[in-house]
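Chains as they are written, first to last, in our numbering: chain A, 7 to 417; chain B, 7 to 417.
C-beta: ideal position from N, C-alpha, C; glycine also.
I have placed the structure first, in the form of structure tokens, so that the comments after it can refer back to it.
As structure tokens, this is what we get:
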């Protein structure tokens, strides 16, 4: 290591704002769906910047882009930093982009200071993290880390019937399977928090200890549609009344089970007419916890709740879970290196768990992984008004730099 | 009066089934929207039958059809019997048609027996009772009885933008304002119950004492949309949780306020996404009672409930009533004549209130009115499977005949 490497907050901000111009929405947000023309232009911009920073570029068969800064030991597994450049349809400027451009800033800062690391440092940009165009989310990091096959990825369709594979070839970013990430000493992802905790706690950095487990399900309530006029109250099997008990029961579970968060986000009523007693309701359930046991207990309680409501309200209730992702604790090596980097820089930090999915979750299946959070104003994300200040972005990149330096080792 | 008049259940049933063929649906129901080609064919059929029965036909400027059987005293106000021939989009064979064809059967039975009445007996077919094509419901009886202006009726639009006035002219049923109903000694409407009470109680005839009051409103709940992942439970303002408390509170009101029926039939959630805490919910409220005071008390309690939920859940709640129709008790003269006719015929009867709107409700503003109900199998109505047996139809028509004879007086 020669000089003392330091990130440039201004340069990082310039890169973020230049990137945000690609797919900019009238309201100041970003629409940059995976494998769209906007995604191609964003990739081209990134690749140009990585080249300028002296990185060797690889693109794998899922469109993931890697830019490697060599280490003193070319055989050593790299320290990999990155995130994604795709957005939801009305997304913000920071979700994903900060992790990719923060990693680019790390490389630039190392270059500026003439730092040599023992391990290579690699910037990665994962394809289709959001899943907003091609479900499921985190499709390409999942494929690289063994969660999905390349066929599953290629055949994923957007709402217009175009496939991931065709669109990947169309934008010219279908590379070679041999160029996938095959080794990593560590993976570190800088990301906006997408929640209010850091802001509420007045902390600058989130040391992310893991990604919470999630269980998604549907609860179908079947009662009997009937005319709201002549049907006596005692003769009703009102599916919405029963569904309301389930919504409140799910909320009550979060008071009873410590560490559980639970949301009923969708509610579809049939026939949904002012003067007809609802005959059927479909509710979604979203259960989250960092504790697999709590998630399992919540799932069991939901079943009990549904059985109770069915019995008492004379309706049929069927709750079925269609997806469960267990909690993923991050690797202590990465978590503690992040904590040390934040402490060395004198930033106030708070240990948190990620409540949303991130590429780091799948990468953690294979390699030691961790994340760094910076505050999201008002906790807003997946929103055109998403905002993280220049100073917060710079602090996050500085912690990413310190972590990468710590894990890559001095040459 | 010469012979003993008696209805023919077979003839009435034949007429009902012949009428039901106009607009028949594959599932055996009827789709005969107001002022459609099917409505025209149904009207043509009715007018032909009325002519064959010796009635003088009038059509007024709202398309209401009147067929008068003369009385001994031509200056006397008529006894009017009828209902409507339009249906909801997937309606049944009995709703409306039974009242019109039952009235036709009354005239046929009087003719067969050579009965002479003091007052004329008039069959009426009201236009657009359902409101399924042109809102609001009961538009033409309401216009004749002073609830709506003819301009309001003519400018009512269907979902394709066609107006009531244009469609009325198109099907050739726009008559003269001078031919409206201008006097009635009594109005009696035979109708299927559209509810389960008669069937449950095992009674053959419903003596309808009035039409319940209805208050319709919207309750808007505004919370704050947030990511279901990172947003702590204590930081949520979940509009669906608040709305669920309102749904259950509305249900509880029916236990606390005797004689109230209340329904939340619509529930629209925004953004209605599995992993987003609901930011806004719109609920419909349908409150019904035969007691205006109960309706008013329910409306006030709904306001209190909303204020309580708003305060406790940190959301905004606004409940606004957009339509209220007060309870309409029917005229004792008509109600008791119906009761006597049923008793004379030896039918088991039950005194009920209509929970749904009927043309009789508006007619009752101007003239002594009443209704006769016959059972609906399973309480089903506004449904292709709507069913009332031939025997029940015949019993209803027999009570209608007895009531009409009683009110029209022997010549």
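Q. Given that a residue counts as buried once 16 or more other Cβ atoms are within 10 Å of its Cβ, and exposed if not, what is residue 328(B)?
A. exposed
Q. Quick one: does residue 236(A) have its CB under 8 Å from some CB of chain B?
A. yes
Q. Quick one: what's got a C-beta closer than 7 Å to residue 218(A)'s C-beta in the same chain, skipping five residues either side?
A. 294, 295, 296, 333, 359, 360, 361
Q) Name the DSSP bridge partner or partners of residue 436(B)? A) This structure gives no information on residue 436(B), because the portion of chain B shown stretches from 7 to 417.
Q. So which residues of chain A does residue 250(B) contact, with C-beta pairs closer than 7 Å?
A. 250, 253, 254
Q) Within this structure, are the beta carbons of residue 214(A) and residue 387(A) separated by less than 8 Å? A) no
Q | Contact set between the stretch 365-394 of chain B and chain A, restricted to residues whose Cβ is under 7 Å from the partner | A | 385, 387, 388
Q: Measure from the C-beta of residue 361(B) to each C-beta in chain A and report whether the shortest distance is under 8 Å.
A: yes
Q) Given residue 179(B), which residues of its chain have a CB within under 8 Å of its CB, disregarding the five upstream and five downstream residues? A) 41, 46, 49, 65, 69, 71, 133
**Q.** Residues that residue 199(B) contacts on chain A, provided the C-beta gap is smaller than 9 Å
**A.** 236
Q: Starting from the C-beta of residue 7(B), find all residues in its chain whose C-beta is less than 6 Å away, skip the five residues before and the five after it, and write them out in chain order.
A: Per-residue confidence for residue 7(B) stands at a pLDDT of 40, beneath the threshold of 50, marking its modelled position as unreliable; no derived number is given.
Q.
Counting only C-beta atoms, is residue 246(B) closer than 8 Å to chain A at any point?
A. yes
**Q.** Residue environment, residue 284(A), which counts as buried when at least 16 other CB atoms sit within 10 Å
**A.** buried
Q.
Below 7 Å on C-beta distance, what does residue 232(B) contact in chain A?
A. 385
(Q) Between residue 211(B) and chain A, is any beta-carbon pair separated by less than 8 Å? (A) no
Q) With 8 Å set as the bound, which would you pick, yes or no: does the beta-carbon of residue 182(B) sit closer than that to a beta-carbon of chain A? A) no
Q.
Which of the three DSSP states is assigned to residue 67(A) in this structure?
A. coil
Q.
Does any residue of chain B have a CB that is nearer than 8 Å to the CB of residue 290(A)?
A. yes
Q: Show which residues of chain B have a CB atom less than 9 Å away from the CB atom of residue 202(A).
A: 232, 236, 237, 238, 241
Q: Leaving out five residues on either side along the sequence, give the residues of the same chain with a beta carbon under 6 Å from the beta carbon of residue 189(B).
A: 83
Q | Residue of 269(A), 139(A), 60(A), 241(A) minimising C-alpha distance to residue 241(B) | A | 269(A)
**Q.** Amino acids of chain A, ordered along the chain, whose beta-carbon sits closer than 8 Å to that of residue 272(B)
**A.** 275, 278, 279, 280
Q: Please report the residue range of the alpha helix (DSSP H) in which residue 252(B) lies.
A: 245-262
**Q.** Where residue 8(A) sits in the DSSP three-state scheme
**A.** In this prediction, residue 8(A) scores a pLDDT of 46, lower than 50, which makes its location untrustworthy; no coordinate-derived value is stated.
Q. Mind checking if residue 93(A) is an interface residue toward chain B, Cβ cutoff 8 Å exclusive?
A. no
(Q) Taking the alpha helix (DSSP H) that residue 310(A) belongs to, which residues open and close that run? (A) 298-319
Q | Nearest neighbour of residue 149(A), chosen from 384(A), 382(A), 385(A), 369(A) [CA to CA] | A | 369(A)
Q: Using alpha carbons as the reference points, say which of 207(A), 38(A), 408(A) lies closest to residue 26(A).
A: 38(A)
Q.
Strictly under 8 Å for the Cβ-Cβ distance: is residue 3(A) near chain B by that measure?
A. With chain A covering 7 to 417 only, the question about residue 3(A) has no answer from this structure.
Q: Determine, using beta carbons only, whether residue 165(B) comes closer than 8 Å to chain A.
A: no
Q: Following the continuous alpha helix (DSSP H) through residue 111(B), name the residue where it begins and the one where it ends.
A: 103-119
Q.
Taking the straight line between their C-alpha atoms, what separation do you get for residue 271(B) and residue 191(B)?
A. 39 Å
Q: State the CB to CB distance for the pair residue 282(B) and residue 248(B), rounded to an integer number of angstroms; the pair is presumed to be in contact (CB under 8 Å).
A: Not really, about 16 Å apart at Cβ, beyond 8 Å.
Q.
8 Å is my cut-off, CB to CB: does residue 283(A) come that close to chain B?
A. yes
(Q) In the DSSP assignment, the beta strand (DSSP E) including residue 219(B) goes from what residue to what residue? (A) 219-228
Q) Roughly how many angstroms separate the alpha carbons of residue 162(B) and residue 23(B), rounded to a whole number? A) 31 Å
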